[in-house]
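K.L.:
Got a structure for you, written out below as structure tokens; questions coming shortly.
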Amino acid sequence: MAIIEHQLIENKLTSILSNFEEPVSEYICGCIIDSLSTFEETNEDNDIIGELVLPLLEESGEKSADINTACELITQLVIEQKDNIKKSNSQRKDGLLKLDAPLRMNQDQAKTSLTSKILQVQRVDLNHAKGRNAVSQVDTKKLRKAEAKIAAKLEKRQLKADYEASKLIDEDENTDEFLMKVNPILDYTETKGKIKDVYLENFDISFGGKRILTNAELKLTFGRRYGLIGRNGVGKSTLLKNLSRRELPVPTFISILHVEQEMAGDDTSAIKSVLKADYFREMLLKEEVSNVGEVSNENELAKNEIGEKLNEVHRKLQEIESDKAESKAGEILNGLGFSTADFLKTTKSFSGGWRMRLSLARALFCKPDLLLLDEPTNMLDIPAVVWLERYLRTWPNSLLVVSHDRAFLDAVATDIIHQHSERLDTYKGNFSTYWATIDEKRKNQIREYESQMKMRQHLQDFIDKWRYNAKRAPQAQSKIKILEKLPVLELPETEKTVSFTFPQAEYIPPPLLYMDEVHFGYTKERPILSNVSINLEASTRVAVVGPNGAGKTTMLKLLIGSLDPSKGLVHRHGRLKIAYFSQHHVDQLDLKLTAVGHMTKMYPGKSEEEYRRHLGSFGISGMVALQKIATLSGGFSTADFLKTTKSFSGGWRMRLSLARALFCKPDLLLLDEPTNMLDIPAVVWLERYLRTWPNSLLVVSHDRAFLDAVATDIIHQHSERLDTYKGNFSTYWATIDEKRKNQIREYESQMKMRQHLQDFIDKWRYNAKRAPQAQSKIKILEKLPVLELPETEKTVSFTFPQAEYIPPPLLYMDEVHFGYTKERPILSNVSINLEASTRVAVVGPNGAGKTTMLKLLIGSLEPSKGLVHRHGRLKIAYFSQHHVDQLDLKLTAVGHMTKMYPGKSEEEYRRHLGSFGISGMVALQKIATLSGGQKSRVAFSCLAVQLPHFIILDEPTNHLDMESIDALTEGLKKFNGGLILVSHDERFINSVCTELWVCSDGKLTQFKGNGIKEYRDSICPPLED
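Just so you know, this note's numbering puts 834 at position 833 of the sequence shown, and the rest follows in order with no gaps.
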């Protein structure tokens, strides 16, 4: 290739790589030119773009779009040059070669003579010999070293990319081998007296192609406790990982321990697993046993040497207080909530949350020089958090903790490190001090900035006014100099505020969905909807209310197309996406699959990561898919992703169904009784989620507080028609109440007027003088519109018979333990005493064991340990949340009562069912044809006929309409027996219960606060305005 071609290629490459750093572009230019030269000489081809150019450009940190464009242009250039070289070579083979320029032999002769003279004096200047004046500054050794360094960097980058792409952190990070690799110096007695401050400066951290920290500085003074804060995704956990893996240059004599995930379960007892965490102590104990065994087999000289070793081992054991190790481990375990009986349990018998506590206990027992904690309070209850605060206040070494708990940081931290904008800022004091400091700092910066801007404006105005005035020009020049010397101030940086955002629905021109004069009935004799018209527009938030059996669920099925109207039209836009959440949500789930597997089956084509991320939006926190995540109320844990759906409790299945419904990003979301079987935190979460739902919503629910929170319009379905009201449920209720009162007043006023007119007519109709007036009154009476009293729906009353007196004790549990498997205990050491007047509500998270406890009380389950005592004459009536399972769907309501409780007449059964709202032809219909609420009423009537002393209700308000809930409330208030209730309906709990028990973590405790509202606020604090 000619020299001019080299220059041309270099210019083109420089232009292509103008957006990249100069050293990178120069290096790539040289490599490509060398590659082309090699191709010209040997015709040997290689993929320089894929092997060298692309990795170097990706390492530069520029945008991927710029990198791809540059690679495409360079590829075109290389192909073009190689084609030219091939043409040139083919011409050489023909023996004909066209010269680029005339050949001057005399000039070449002069160059050759000059080269010969230089060689004779042993001073070779190759550049000069080639006609260049520049002297080569390339050091080949340094060049090879630089290339090796680049290759090592690329290899390290590839390894890092492989690590980041993995779905879960390797399971062997908590193994002895990994920890000993990170902490090579086991004998921490030899590191005493060394300065153990950590000072890192000018370091960068990147993760997944994103820069986390740039030119950052971190100083951790030994003995100080640092709280690391920053918004989600800023890289706090990544910083801790880099420290724990010693990817940052932390001295090796400083021991590091990072608590981020639960320990793996095995057959080791809890107390032993904590003791084994001190590897130096374990090593000394093994060495002691080994030396003692060798003493009897050695000669006198060897025995003396072994004796000296034993003395040294004993000295070190004494120095680390090895004899007190077990008591210290027990104290830590007790503080974290483990009972003495738990000490001897195997670690695999504990749930993920308790194994996370074990990981924390092991770290506290080891007392590393630098302890790294990532959200340590997530898996702890309040007593354990308080104990941990007190323990860490006396922590003698360095501590770096990531936490969102402000009270915890106030109690523990001596310094706060704020991670933001790719840097670390350190503040003295706890979180409250930091918050006050940055607030004051921000105000001062704003004041200083505004003051300088006023000063700049004043100076600029003076300069503009007098700059070209002969007398004032020197003053103007002076002002210009002052202006130039002013420091450039900027407004304080503000971090992005956190908000929930939902994908915007694709715009669909109206009409979206409407029903026009629709008629429907399962039989001709029993119409459900008559001449119904409804129009749902974009962003509507409508709630449907009405009595059980009015056809609310039927209307939803007509809207989604699973039922067809017998008359009229249901129109759905061709591009409208509808998600339907059924009250019988279990029917939507494939119980043989895992949660992720079910999502994959229903919505194929996404990666497993996307399914997990979507499930994570229901409560996951932390680094999704890169570490195990502590379970929060309202969400799934990482382990839950791979459980089969049949192993979930009812509440968990409900959440999975919600996740399934929302995954397709629907334009219209139809929810049929979505709060059934959800615990209180989940209901609160759902309320907050739906308040920010950007698309259309149609919900059927009996939960008044829930409807107040999410609905903006109410449809009242009754008497085969729909009435629409603006506002939430409270507004609707006030409106129809006022409307009913006005109708009654108008009716009564007209009745008085009619009576007055009729009296006048009757009195003067046959009087000659007054007959014309009487005829006039008759005409007025005939023209009056016919008014009727407002329609009143049938009132429902639930009547429970009074309980017979039984002397105590009636029902109690004494130190009861229960678990469906040994590895997963549900209840541990539960003791309760229920008296005849007990009226208690049991609350707690889904899966905590509330229903299990009720089944133990009624005797359908037996405790694995402990005693459940029931009085010999005690009759218990149990209403299951799956009450349909108790009914024979092939029979009528009367037939079912006759089968279950024989000996009465049909009239008695019908009268009894009538007191629970099952009357007329409904009592003679097959139970399978009844609505969910009507089935519930049949189940309640079966409870009452048993003449119980105790009523146990599990989610009784599910499927009941509001009038039925009011009737049930009044019936239970009048019942003189005992009551145990599991429910999420706060209003219902407040009305019928006097005590509140909390079931959580295998325990049952009485809530000391003031009612269900205080309990709700304690677990789900209200959102700040």
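We put the CB at the ideal spot given by N, CA and C, even for glycine.
When the Cα atoms are used, what is the spatial distance from G979 to F819?
P.N.:
Residue 979 sits at position 978 when you count from the first residue of the sequence shown. Residue 819 sits at position 818 when you count from the first residue of the sequence shown. Each residue's Cα considered, the two are about 24 Å apart.
K.L.:
Compare the beta carbon distance of D268 and T347 with 8 Å and say whether it is the shorter of the two.
P.N.:
Within the sequence shown, residue 268 is the residue found at index 267, counting from 1. Within the sequence shown, residue 347 is the residue found at index 346, counting from 1. Against a cut-off of 8 Å, the Cβ pair of T347 and D268 comes out as a contact.
K.L.:
According to DSSP, which residues form a beta bridge with L1005?
P.N.:
As a position in the sequence shown, residue 1005 is number 1004, starting the count at 1. DSSP lists C1000 as partners of L1005.
K.L.:
Can you give, in chain order, each stretch of the alpha helix (DSSP H) that sits fully within the stretch 192 to 263 and has at least 4 residues?
P.N.:
237 to 245
K.L.:
Would you mind stating whether L948 and H870 have Cβ atoms separated by less than 8 Å?
P.N.:
If you number the sequence shown from 1, residue 948 lands on position 947. If you number the sequence shown from 1, residue 870 lands on position 869. No, Cβ-Cβ distance for L948 and H870 is not below 8 Å.
K.L.:
Per DSSP, what kind of secondary structure is H897 in: helix, strand or coil?
P.N.:
Taking the first residue of the sequence shown as 1, we reach residue 897 at position 896. If DSSP states are grouped into helix, strand and coil, H897 belongs with the helices.
K.L.:
How close, in whole Å, do the beta carbons of A330 and I272 come, if the pair is a contact with beta carbons under 8 Å?
P.N.:
Looking up residue 330 in the sequence shown gives position 329. Looking up residue 272 in the sequence shown gives position 271. I272 and A330 do touch by the CB rule: their CB atoms are close to 6 Å apart, below 8 Å.
K.L.:
Can you name, in chain order, every residue of its own chain whose Cβ lies under 7 Å from the Cβ of E688, other than the five neighbours on each side?
P.N.:
Your numbering for residue 688 matches position 687 in the sequence shown. Cβ within range, chain order: F707, A710, V711.
K.L.:
Is DSSP giving H7 helix, strand or coil here?
P.N.:
To locate residue 7, count along the sequence shown from 1; it is residue 6. Correct three-state label for H7: helix.
K.L.:
Look up D967 in the DSSP assignment and say whether it is helix, strand or coil.
P.N.:
Sequence index remark: in the sequence shown, residue 967 carries index 966 (1-based). Reduced to three states, the DSSP call for D967 is helix.
K.L.:
Distance check for C665 and V597, CA to CA, integer angstroms please.
P.N.:
Reading the sequence shown from its first residue, position 596 is the one you call residue 597. Reading the sequence shown from its first residue, position 664 is the one you call residue 665. V597 and C665: Cα-Cα distance of roughly 15 Å.
K.L.:
Have a look at H574 and H719 and give me their C-alpha separation to the nearest angstrom.
P.N.:
Position 573 of the sequence shown holds residue 574. Position 718 of the sequence shown holds residue 719. Their Cα atoms are separated by approximately 27 Å.
K.L.:
Threshold first: 4 residues or longer. Then list the alpha helix (DSSP H) segments lying entirely within the stretch 344 to 407, N to C.
P.N.:
Runs found: 353 to 367, 383 to 394.
K.L.:
In or out: D35 buried (at least 16 other Cβ within 10 Å) or exposed?
P.N.:
Within the sequence shown, numbered from 1, the residue matching residue 35 stands at position 34. Flag for D35 reads exposed.
K.L.:
Taking Cβ to Cβ, would you say I981 is nearer than 8 Å to V844?
P.N.:
In the sequence shown, the residue the question calls residue 981 occupies position 980. In the sequence shown, the residue the question calls residue 844 occupies position 843. Going by C-beta atoms, I981 is not nearer than 8 Å to V844.
K.L.:
What are the boundary residues of the beta strand (DSSP E) that T725 is part of?
P.N.:
Looking up residue 725 in the sequence shown gives position 724. Run containing T725: 722 to 727, per the beta strand (DSSP E) assignment.
K.L.:
In the DSSP assignment, what are the bridge partners of S1?
P.N.:
Residue 1 lies beyond the stretch modelled for the chain, which goes from 2 to 1026, so this question has no answer here.
K.L.:
Compute the Euclidean distance between the alpha carbons of E81 and I10, then round it to the nearest angstrom.
P.N.:
Numbered from its first residue, the sequence shown carries residue 81 at position 80. Numbered from its first residue, the sequence shown carries residue 10 at position 9. Rounded to the nearest angstrom, the two C-alpha atoms are 11 Å apart.
K.L.:
Would E956 be called buried (16 or more neighbouring beta carbons within 10 Å of its own) or exposed?
P.N.:
As a working mapping, residue 956 is identified with position 955 in the sequence shown. E956 should be labelled buried.
K.L.:
Excluding the 5 residues flanking V275 on each side, which residues of the same chain have their C-beta closer than 8 Å to its C-beta?
P.N.:
What you label residue 275 is simply residue 274 of the sequence shown in a count that begins at 1. Closer than 8 Å at the Cβ level, and outside the excluded window around V275, lie A330, I333, L334, L359, A362, R363, F366.
K.L.:
Which of the three DSSP states is assigned to S583 in this structure?
P.N.:
Numbered from its first residue, the sequence shown carries residue 583 at position 582. In the three-state reduction of the DSSP assignment, S583 falls in the coil class, being assigned neither a helical nor a strand state.
K.L.:
Around the C-beta of A929, are 16 or more other C-beta atoms found within 10 angstroms, so that it is buried, or is it exposed?
P.N.:
Here residue 929 is taken as the residue at index 928 of the sequence shown, counted from 1. The residue is exposed, with fewer than 16 neighbouring Cβ atoms inside 10 Å.
K.L.:
DSSP on D763, reduced to helix/strand/coil?
P.N.:
As a first step, residue 763 must be located in the sequence shown, where it is residue number 762. Three-state DSSP puts D763 in a helix.
K.L.:
Within the continuous beta strand (DSSP E) that includes G820, where are the two ends?
P.N.:
Within the sequence shown, residue 820 is the residue found at index 819, counting from 1. Per DSSP, G820 belongs to the beta strand (DSSP E) from 812 to 822.
K.L.:
Under a Cβ-count criterion, where at least 16 other Cβ atoms within 10 Å of its own Cβ denotes burial, should P369 be classed as buried or exposed?
P.N.:
Here the question's residue 369 lines up with position 368 in the sequence shown. Counting other Cβ atoms within 10 Å of its Cβ, P369 reaches 16 or more and is therefore classed as buried.
K.L.:
Straight-line CA distance for F254 to R246?
P.N.:
As a first step, residue 254 must be located in the sequence shown, where it is residue number 253. As a first step, residue 246 must be located in the sequence shown, where it is residue number 245. The straight-line gap from Cα to Cα measures roughly 14 Å.
K.L.:
Taking contact to mean 3 or more Cβ pairs, one atom from each stretch, closer than 8 Å, check whether the stretch 740 to 754 and the stretch 766 to 773 are in contact.
P.N.:
no
K.L.:
The beta strand (DSSP E) with A842 in it runs from where to where?
P.N.:
By one-based count along the sequence shown, residue 842 stands at place 841. Looking at the DSSP string, the run of the beta strand (DSSP E) that includes A842 is 840 to 844.
K.L.:
Below 7 Å CB to CB, which residues in the same chain sit around V489 once its five sequence neighbours on both sides are set aside?
P.N.:
Within the sequence shown, numbered from 1, the residue matching residue 489 stands at position 488. When the five nearest sequence neighbours on each side are left out, no beta carbon in the same chain lies closer than 7 Å to the beta carbon of V489.
K.L.:
Got a sec, what are the start and stop residues for the alpha helix (DSSP H) Q478 sits in?
P.N.:
The residue given as residue 478 occupies position 477 in the sequence shown. DSSP places Q478 in the uninterrupted alpha helix (DSSP H) bounded by 474 to 486.
K.L.:
Are there 16 or more other CB atoms within 10 angstroms of the CB of H950, so buried, or fewer, so exposed?
P.N.:
Counting from one through the sequence shown, the residue named residue 950 turns up at place 949. H950 should be labelled buried.
K.L.:
Where P250 and L201 are concerned, what is the direct C-alpha to C-alpha distance, given to the nearest angstrom?
P.N.:
The sequence position of residue 250 within the sequence shown is 249, counting from 1. The sequence position of residue 201 within the sequence shown is 200, counting from 1. Roughly 7 Å separates the two Cα atoms.
K.L.:
What would DSSP say about R874, mapped onto helix, strand or coil?
P.N.:
By 1-based counting over the sequence shown, the position of residue 874 is 873. Looking at R874 - three-state DSSP - the assignment turns out to be coil, as it is neither helix nor strand.
K.L.:
Only counting the same chain, and skipping five residues up and downstream in sequence, which positions put a Cβ closer than 7 Å to that of G1010?
P.N.:
Your numbering for residue 1010 matches position 1009 in the sequence shown. Result list for G1010: Y1016, S1019, in chain order.
K.L.:
Hey, quick one: how far does the beta strand (DSSP E) through P516 stretch, first residue to last?
P.N.:
The residue given as residue 516 occupies position 515 in the sequence shown. Note that residue 516 corresponds to Met in the displayed sequence, not to Pro. Run containing M516: 514 to 521, per the beta strand (DSSP E) assignment.
K.L.:
Is the distance from the Cβ of H405 to the Cβ of V235 below 8 Å?
P.N.:
Here residue 405 is taken as the residue at index 404 of the sequence shown, counted from 1. Here residue 235 is taken as the residue at index 234 of the sequence shown, counted from 1. Result no, Cβ atoms of H405 and V235 do not sit closer than 8 Å.
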